[in-house]
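S.K.: Please see the structure below; I have some questions.
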Amino acid sequence: MSEDDDYGTDAVDSGGGAERTFAPLPPPPGRGFATSWWGRAWLQALEDTALDGQQLKKGRRLAREGGVGAVSVRPGRITAVVRDRDGTGHRSDVLLQELGDEAWDRFLDMAVERAGHIAALLDREMEPHLVEDAAGAGVDLLPGIGDLEPECTCGTWDHCPHSGALCYQVARLLDEDPFVLLLLRGRGERRLLDELQVRSAARAVRGAEGDGPEEAAGEGYGVPADEAFAAGSILPPLPVPPPVPEEPGLPPSLDTEAGPPSGIDPAALEVLAADSAVRAHRMLLDEERGPGHGRQPVPAELTPEQDAVRMAADARPEPWIAKRLAEGSGRPRAELGAAVSAWRYGGAAALAVLDEEWDPNADSLARARARLAAAWEEGERPQLRAARARWTVAGADVQLRYDRDGRWWPYRKERGRWVPAGPADDDPASALAGASAGGVSEG
898 MSEDDDYGTD AVDSGGGAER TFAPLPPPPG RGFATSWWGR AWLQALEDTA LDGQQLKKGR
958 RLAREGGVGA VSVRPGRITA VVRDRDGTGH RSDVLLQELG DEAWDRFLDM AVERAGHIAA
1018 LLDREMEPHL VEDAAGAGVD LLPGIGDLEP ECTCGTWDHC PHSGALCYQV ARLLDEDPFV
1078 LLLLRGRGER RLLDELQVRS AARAVRGAEG DGPEEAAGEG YGVPADEAFA AGSILPPLPV
1138 PPPVPEEPGL PPSLDTEAGP PSGIDPAALE VLAADSAVRA HRMLLDEERG PGHGRQPVPA
1198 ELTPEQDAVR MAADARPEPW IAKRLAEGSG RPRAELGAAV SAWRYGGAAA LAVLDEEWDP
1258 NADSLARARA RLAAAWEEGE RPQLRAARAR WTVAGADVQL RYDRDGRWWP YRKERGRWVP
1318 AGPADDDPAS ALAGASAGGV SEG
């Protein structure tokens, strides 16, 4: 069991694999079942395989209501007891074919050649290149159409609500730890890492002795840094970094006896210095709390207008500074509050949803309508009025906005203006529930 998992336990079996048992998860509050790309790929395989979408819809509801018990994961099979709304329990299994020894050899050889894949897995990340490189070696890690085979005591031969609920719950486990998928394919985490370490060390020795491709690549001896890192315990651990301060540091005061040079506003400089301290502190916290932070893509550069909204959201400035930031954002002062709320819910993406009115093309519109149709049970869907990429609930001051990435953003009308009411959600029903829960403050 990895230290990152606080909801399950591991038990190694005698067959060379491992079995992991995860305690029941609480219902997912206000979000979809998968946020990682590999978790969504798992659900895509389920939804492409199932013949009856209504059965999956019922399974999603069971999972959301906490009907899935403890989940057992072992090579080739996941198992759980899933309870209907009336309390009736059914043992449900989903089978996924294990990889053979030859396939695992090809995968391990590929992973050792590309040490970054190992480092990503240790950070509980699965890079797209890992799946692509594995496929290039003839190894399919993620399931495809027909690969998830259901078995359930309810007697349904296709995916039933119970096997569907189990798959939706496992998508959440995969989000937290891609080693769950590798275990399903036949290798437990400990065994897999041991085999990778042995191969990495052997490759490093061959390179040092001049028996590998390194002999022609350079002079002298030594081990390339990526191989030394991939070898894991060959090197001593790095020292523990110093703790992150509890609060950002105080900026220097620019209130001096000497007057400022022409065109320099000391008070504005103090605000910029304080903003820099807040951003630096946040980066340190991200490094400490977010595994894999260093491998995240560099955020897109903000425009001056976006950065003015960000500063207003982060700094909570005095009114006279807020007025200047509103001018810098290109908005009236009265509209800055809605922009600040949007930024706090989702940064630049949420700000674009606040400002943009776009016309989805035929494909995007068809996907949006399909998601809306699948989000509610028969007779439970509210009446929605569509206008471009916005759906407003009839008779209520609540609205859903659909963005270019296929996510739904909740909005509420307050004092005659539409303002953000929550973060984005892949599920329109969950997003709308967040908007209906209560109002928001425009700050």
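The sequence shown maps to residues 898 to 1340 in our numbering.
Just so it is clear, CB atoms sit at the ideal spot from N, CA and C, and this is done for glycine as well.
If you're wondering where the values come from, they're calculated on a predicted model, not measured in any experiment.
What distance in whole Å lies between the Cβ atoms of Pro-1148 and Ala-1171, which are believed to be in contact at a cut-off of 8 Å?
M.R.: Yes, Ala-1171 and Pro-1148 are in contact; Cβ-Cβ is about 5 Å, under 8 Å.
S.K.: Among Arg-988, Leu-1078, Leu-959, Arg-1003, which residue has its Cα nearest to the Cα of Ala-1062?
M.R.: Looking at the Cα atoms, Leu-959 is the closest of the given residues.
S.K.: So, with DSSP's three-state summary, where would you put Cys-846?
M.R.: The structure shown does not extend to residue 846, since the chain is modelled only from 898 to 1340, so the question has no answer here.
S.K.: Once DSSP output is grouped into helix, strand and coil, what is the label at Trp-1273?
M.R.: Residue state, collapsed to three classes: coil.
S.K.: Using the three-state DSSP reduction, which class does Ala-977 fall into: helix, strand or coil?
M.R.: Strand.
S.K.: Need the endpoints of the beta strand (DSSP E) that Thr-918 sits in, please.
M.R.: Start and end: 916-919.
S.K.: Between the beta-carbon of Asp-1152 and the beta-carbon of Val-1175, is there less than 8 Å?
M.R.: Not closer than 8 Å, so no.
S.K.: What does a CB cutoff of less than 6 Å around Ala-1016 pick up in its chain, not counting 5 residues either side in sequence?
M.R.: Cβ neighbours of Ala-1016 beyond the five flanking positions: none.
S.K.: Would you call Asp-1074 buried or exposed, if buried means 16 or more other Cβ atoms sit within 10 Å of its Cβ?
M.R.: With 16 or more Cβ atoms within 10 Å of its Cβ, Asp-1074 is classed as buried.
S.K.: Whole angstroms is fine: what's the gap from Phe-930's alpha carbon to Gly-1303's?
M.R.: Looking at the two C-alpha atoms, the distance is approximately 15 Å.
S.K.: Spatial neighbours of Gln-1066 within its chain, please: CB distance less than 8 Å, with the 5 preceding and 5 following residues excluded, ordered by chain position.
M.R.: Cβ within range, chain order: Leu-922, Phe-930, Ala-960, Val-965, Val-968, Ala-977.
S.K.: Is Ser-1159 buried or exposed, if buried means 16 or more other CB atoms sit within 10 Å of its CB?
M.R.: Ser-1159 comes out exposed.
S.K.: If contacts are defined as beta-carbon pairs under 8 Å, then Leu-1081 and Leu-993 qualify, I think. What distance do you get, rounded to the angstrom?
M.R.: Leu-1081 to Leu-993, Cβ: 5 Å. Contact.
S.K.: Pull up the distance between the alpha-carbon of Ala-1008 and that of Leu-943, whole angstroms please.
M.R.: Looking at the two C-alpha atoms, the distance is approximately 27 Å.
S.K.: From what residue to what residue does the alpha helix (DSSP H) around Gly-950 run?
M.R.: Note, Gly-950: alpha helix (DSSP H), 950-961.
S.K.: At which residues does the beta strand (DSSP E) containing Pro-1307 begin and terminate?
M.R.: Taken as a continuous stretch (DSSP letters only), the beta strand (DSSP E) holding Pro-1307 covers 1305-1311.
S.K.: Measuring straight from C-alpha to C-alpha, what distance separates Glu-1111 and Arg-1011?
M.R.: Per-residue confidence for Glu-1111 stands at a pLDDT of 43, beneath the threshold of 50, marking its modelled position as unreliable; no derived number is given.
S.K.: As a quick exercise: from Ile-1161, Val-1141, Val-1206, Leu-1166, pick the residue whose alpha carbon is nearest that of Met-1180.
M.R.: For Met-1180, the nearest C-alpha among the options comes from Val-1141.
S.K.: Verify the contact flag: Arg-1176, CB atom, against every heavy atom of the ligand NAD, threshold strictly below 7 Å.
M.R.: Judged by which ligands are present, the structure shown has none, so any question about the ligand NAD falls away.
S.K.: Please report the distance separating the alpha-carbon of Arg-1096 from that of Ser-989.
M.R.: If I take the Cα positions, the gap works out to 38 Å.
S.K.: Report buried or exposed for Pro-1058, applying the criterion of at least 16 other Cβ atoms within 10 angstroms of its Cβ.
M.R.: Classification for Pro-1058: buried.
S.K.: From Gly-1035 to Glu-999, what distance separates their C-alpha atoms?
M.R.: Distance between the alpha carbons of Gly-1035 and Glu-999: 10 Å.
S.K.: Closest to Asp-1300 by C-alpha separation, out of Arg-1285, Ala-1293, Arg-1314, would be which residue?
M.R.: Cα-wise, what sits closest to Asp-1300 is Arg-1285.
S.K.: Nearest to Glu-1022 by alpha carbon, out of Asp-1002, Lys-1220, Asp-1072?
M.R.: For the residues Asp-1002, Lys-1220, Asp-1072, the minimum Cα distance to Glu-1022 belongs to Asp-1072.
S.K.: Cα-Cα, which of Asp-1260, Gly-973, Leu-940 is closest to Gly-1041?
M.R.: That would be Leu-940, whose Cα lies nearest to the Cα of Gly-1041.
S.K.: Would DSSP call Leu-1135 helix, strand or coil?
M.R.: Leu-1135: coil per DSSP, three-state reduction.
S.K.: From Arg-980 to Ala-1321, what distance separates their C-alpha atoms?
M.R.: Distance between the alpha carbons of Arg-980 and Ala-1321: 30 Å.
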